[in-house]
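Residue numbers (full-length UniProt numbering): 1 to 185. Quick notes on the structure that follows.
Here it is in structure tokens:
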């Protein structure tokens with residue numbers, strides 16, 4: 001089920017694709033805004049919207065599977081800590097959701113960071129030959145001086161953003177899930 005969530009999420013590839021194009025310096029004079037980029041990509045065929053899809057599919061499916069498999073057990077361990085037992089139950093759940101979401105989101109996004117780098121390199125091209133994700137990895141590996149550290153350039157910003165964003169997202173998910181629980185039956 002969680003793998004399928006990653007597949008559904010990957011269907012939004014055209015949005016990521018246009019975002020990368022709008023952020024790529026060499027295309028600043030070619031695309032005015034989101035709608036302009038979408039309409040210009042159509043000139044190259046619908047396949048161009050899905051450049052990098054395979055990498056997004058792997059990244060999202062695996063990361064969603066890890067996140068939703070580990071989220072509840074990690075939250076439970078946090079809630080079971082002696083320090084949280086003195087807090088009101090609703091606050092225990094909020095803290096557990098926030099910390100579990102933060103730690104998992106930041107850790108998983110860091111582990112999969114090189115896939116994002118590969119995806120960005122694939123999507124920062126328009127109307128040229130499609131290279132496989134393996135070929136793009138080789139190119140990036142060479143470009144980054146065959147260094148694991150080079151593949152992770154900028155990861156600290158991604159980690160920090162994920163730490164905050166996934167804590168908020170997961171705690172809000174927990175709040176909504178508990179609020180809607182009475183209506184499940």
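All C-beta atoms in this analysis are idealised placements derived from N, C-alpha and C, irrespective of residue type, glycine included.
Cβ-Cβ separation, residue j to residue i (assumed contact under 8 Å), whole Å
i, j, result
"residue 80", "residue 170", "Actually they are not in contact, since the Cβ atoms of residue 80 and residue 170 sit about 18 Å apart, beyond 8 Å."
"residue 162", "residue 105", "5 Å"
"residue 158", "residue 110", "7 Å"
"residue 102", "residue 166", "6 Å"
"residue 44", "residue 126", "7 Å"
With 16 other Cβ atoms within 10 Å as the buried cut-off, status of residue i
i, result
"residue 16", "buried"
"residue 61", "buried"
"residue 35", "exposed"
"residue 93", "buried"
Which listed residue (the options) has its alpha carbon closest to that of residue i
i, options, result
"residue 12", "33, 24 and 56", "56"
"residue 9", "53, 87 and 42", "53"
"residue 7", "64, 22, 18 and 165", "64"
"residue 124", "50, 113, 92 and 145", "50"
"residue 136", "126, 119, 152 and 149", "119"
"residue 66", "2, 94 and 27", "2"
"residue 18", "39, 179 and 4", "39"
"residue 71", "100, 175, 113 and 14", "100"
"residue 153", "185, 114 and 160", "114"
Spatial distance of residue i from residue j (CA atoms)
i, j, result
"residue 129", "residue 68", "36 Å"
"residue 20", "residue 133", "16 Å"
"residue 25", "residue 32", "12 Å"
"residue 107", "residue 146", "23 Å"
"residue 121", "residue 168", "29 Å"
"residue 183", "residue 75", "23 Å"
"residue 178", "residue 139", "47 Å"
heavy atom of the ligand SAH below 7 Å from residue i C-beta
i, result
"residue 152", "In the structure shown, the ligand SAH is absent, as is every other ligand, since no ligand is present at all."
Could you give the uninterrupted runs of the beta strand (DSSP E) lying entirely in the stretch 65-133, keeping only those of 3 residues or more?
Here no run is fully enclosed.
So within the UniProt repeat "Solcar" (1-77), which uninterrupted alpha helix (DSSP H) runs reach at least 4 residues, ignoring any that extend past its ends?
The UniProt repeat "Solcar" (1-77) contains these whole alpha helix (DSSP H) runs: 2-10, 13-23 and 34-42.
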